[in-house]
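Student: Residue numbers (this note's numbering): 3 to 557.
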């Protein structure tokens, strides 16, 4: 059930613009910069409007959370686009995908700064608890937007007050300075945020969301004690629990799960997204143009907890049998049922079963015959809810920003890297691995730090693939220059791999030992410059208008 929070955003968020847009309206009924933010209702509406940036869709009406996977080693954008170019390692300062991030995130920050600059007099008319809560919400949102800028660009100008364009000549703060600011903002926000909200306000910032973001920010920055304490604080709230059915989390049926700490809210008639268009197959009336790739599929373990190159359960002739159930919950695999029919990309499968009919019938298989069916042989299953069939540009399925499983993995990784390995590390990892619908073998005690580092890195890949996390993981682990360049691979169209590829300590497959590896589909050839591509280029227009900013190296 969607909530009034969405309706409030419609009423105000879509029209919230910079203060200059109001200046010529006084004394009309609409607010001006002189009259705006004088009442409690205007204050609450303005704060709610700051959530608008979470709807950011940098390309093809697709959310920033999901399209980011195409810039990592586990996904691809088939459209000839600046996102595809970014994934190839060929981005320039004129790249519109990266430029859209810069523009939109700073626009969101500007909204927050404007409200904060006008908020102090409201303390006299807004109840104190509500006043402090609303300020905490927008300080969280500003921290969230700065977090993405900091991770994507590696240090950006830090603006905390409205700055006229004529004075906006500011140098970049360092990445460490931005991290300090973000963490301080979250610390200030946490005490004033509610532990939980009612159903009508689902999607607003809570204490758990601020702590979850803090755990992520601190983890990415290598600040282990802060990451551990923030994750532990989320656990201590007692509000969140792992959802038993992993796949259901990413469907309409899972939107109110107690695993979800915060999600981006959508509502038909207010704001929707086109994820079904990009994720659905041709038979399901989609375009299958944002897709997972072979290396992700081959990463997942067998049900005995061993990688496919070590497990006796792995059969190259039946490569999807006896695998970690999260593989099938994350990726639409050949011979699985998707939107009511059997999904198969083998070129000889000219017909397939469609179970939407009673009785089922054989139909033409566009996945085998269409020139623009999935190039990898796979689709994303996360967020591809069959309920959106026939309405592929009008999905209001909420998208998860933070969930409890990530917090548990943040906690475990920070403890491992800090060297404080104890039973709580195993408990956190095993809770994620052993939810009822997954039920993978537990990680047993006695592992070395290096062994646990390998385990947690692979576990994050299995658990969080398709959720916009992977790009940041491969950067902070300093493995992007190893996993990004080279051939981006899809399924062998006429057969299966003759052997299991070698799986390294980070869960990355290598195919040099596979006899028929040359038959794999090469989707594209990528490059990655270690001295450049760990951060994005700053857009050219920003450099021209702000001479105090320096471009990232080698762009």
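Even glycine gets a Cβ: it sits at the ideal position worked out from N, Cα and C. Predicted model only: the values in this text are computed from it and were never measured.
What distance in whole Å lies between the Cβ atoms of residue 356 and residue 342, which are believed to be in contact at a cut-off of 8 Å?
Tutor: Correct: roughly 6 Å between the Cβ atoms.
Student: Spatial neighbours of residue 257 within its chain, please: CB distance less than 8 Å, with the 5 preceding and 5 following residues excluded, ordered by chain position.
Tutor: Within the same chain, residue 257 has close Cβ partners 265, 399 and 400.
Student: Can you pull the DSSP bridge partners for residue 294?
Tutor: The partner list for residue 294 (beta bridge, DSSP) reads 77.
Student: Less than 9 Å separating the beta-carbons of residue 379 and residue 472?
Tutor: Against a cut-off of 9 Å, the Cβ pair of residue 472 and residue 379 comes out as no contact.
Student: Determine the direct distance from the alpha carbon of residue 439 to that of residue 246, and round the result to whole angstroms.
Tutor: Their Cα atoms are separated by approximately 6 Å.
Student: Cutting at 6 Å between CB atoms, please list the residues of its own chain near residue 510, excluding the five before and the five after it.
Tutor: Within the same chain, residue 510 has close Cβ partners 485.
Student: Using a Cβ-Cβ cut-off of 8 Å (strictly less than) and excluding sequence neighbours within five positions of residue 164, which residues of its own chain qualify?
Tutor: If we look at residue 164 and ignore the five residues flanking it on each side, its Cβ neighbours are 21, 112, 115, 116 and 119.
Student: Report yes if the C-beta distance between residue 543 and residue 89 is below 9 Å; otherwise report no.
Tutor: Going by C-beta atoms, residue 543 is not nearer than 9 Å to residue 89.
Student: So for residue 224, helix, strand or coil by DSSP?
Tutor: Residue state, collapsed to three classes: coil.
Student: Verify whether the separation of the beta carbon atoms of residue 506 and residue 297 is less than 9 Å.
Tutor: No. Outside cutoff.
Student: Here's the rule I'm using: 16 or more other beta-carbon atoms within 10 Å means buried, otherwise exposed. How should residue 374 be labelled?
Tutor: So residue 374 counts as exposed.
Student: For the candidate residues 332, 181 and 557, whose alpha-carbon lies nearest to that of residue 223?
Tutor: If we check each option's Cα against that of residue 223, 181 comes out closest.
Student: Determine the direct distance from the alpha carbon of residue 236 to that of residue 536, and round the result to whole angstroms.
Tutor: Going from the Cα of residue 536 to the Cα of residue 236 covers about 30 Å.
Student: From residue 462 to residue 416, what does the alpha carbon distance come to, in whole angstroms?
Tutor: Between residue 462 and residue 416, the C-alpha separation is close to 13 Å.
Student: So the beta strand (DSSP E) residue 356 belongs to, where does it begin and stop?
Tutor: Unbroken beta strand (DSSP E) run through residue 356: 353-356.
Student: Whole beta strand (DSSP E) runs in the stretch 261-322 with 3 or more residues, listed along the chain?
Tutor: Entirely contained in the stretch 261-322, the beta strand (DSSP E) runs reaching 3 residues are, in chain order, 262-266 and 292-294.
Student: Express the C-alpha separation of residue 282 and residue 369 in angstroms, rounding to a whole number.
Tutor: Their backbone Cα atoms lie some 11 Å apart in a straight line.
Student: Taking the continuous alpha helix (DSSP H) assigned at residue 151, which residues delimit it?
Tutor: Residues 130-155.
Student: With distance defined between alpha-carbon atoms, name the residue in 524, 290 and 149 nearest to residue 64.
Tutor: Closest option to residue 64, Cα to Cα, is 290.
Student: Thinking C-alpha only, which one of 516, 92 and 60 is nearest residue 310?
Tutor: Ranking 516, 92 and 60 by Cα distance to residue 310 puts 516 first.
Student: At what residue ranges does the stretch 399-432 contain a whole run of the alpha helix (DSSP H), taking only runs of 4 or more?
Tutor: Whole alpha helix (DSSP H) segments, 4+ residues: 406-420.
Student: Considering only DSSP beta bridges, list what residue 397 is partnered with.
Tutor: According to DSSP, residue 397 bridges with 275.
Student: List, from N- to C-terminal side, the beta strand (DSSP E) runs of 3 residues or more that fit wholly inside the stretch 161-203.
Tutor: Runs of the beta strand (DSSP E) inside the stretch 161-203: none found.
Student: So who's on the other strand from residue 505, going by DSSP bridges?
Tutor: Answer by DSSP bridge pairing, in chain order: 511.
Student: Would residue 216 and residue 80 be called neighbours here (beta carbons separated by less than 9 Å)?
Tutor: Against a cut-off of 9 Å, the Cβ pair of residue 80 and residue 216 comes out as no contact.
Student: Give the DSSP-derived three-state secondary structure of residue 57 in the structure shown.
Tutor: Reduced to three states, the DSSP call for residue 57 is helix.
Student: Please report the Cβ distance between residue 95 and residue 541, rounded to the nearest whole angstrom; I am assuming they are in contact, meaning their Cβ atoms lie under 8 Å.
Tutor: Going by Cβ atoms, the distance from residue 95 to residue 541 rounds to 6 Å, so yes, they are a contact pair.
Student: Go to residue 525, then tell me how far its beta strand (DSSP E) extends in each direction, as first and last residue.
Tutor: That run of the beta strand (DSSP E) goes 523-528.
Student: Pull the bridge partners of residue 489 from the DSSP assignment, please.
Tutor: Its beta-bridge partners are 527.
Student: Between 249, 273 and 470, which lies nearest to residue 53 when the distance is taken from Cα to Cα?
Tutor: Among 249, 273 and 470, the Cα nearest to that of residue 53 belongs to 273.
Student: Residue 339 bridges to which residues according to DSSP?
Tutor: 344.
Student: Could you tell me which of 87, 108 and 123 sits nearest to residue 44, measuring between CA atoms?
Tutor: When each option's Cα is compared against that of residue 44, the closest is 123.
Student: Decide if residue 546 is buried, meaning its Cβ has at least 16 other Cβ atoms within 10 Å, or exposed.
Tutor: Residue 546 comes out exposed.
Student: Since I believe residue 406 is in contact with residue 261 (beta carbons under 8 Å), could you give me their beta-carbon distance rounded to a whole number of angstroms?
Tutor: Going by Cβ atoms, the distance from residue 261 to residue 406 rounds to 5 Å, so yes, they are a contact pair.
Student: Just how far apart, CA to CA, sit residue 350 and residue 496?
Tutor: Straight-line Cα distance between these residues: approximately 8 Å.
Student: Mapping the DSSP letters down to three states, classify residue 448 as helix, strand or coil.
Tutor: Coil.
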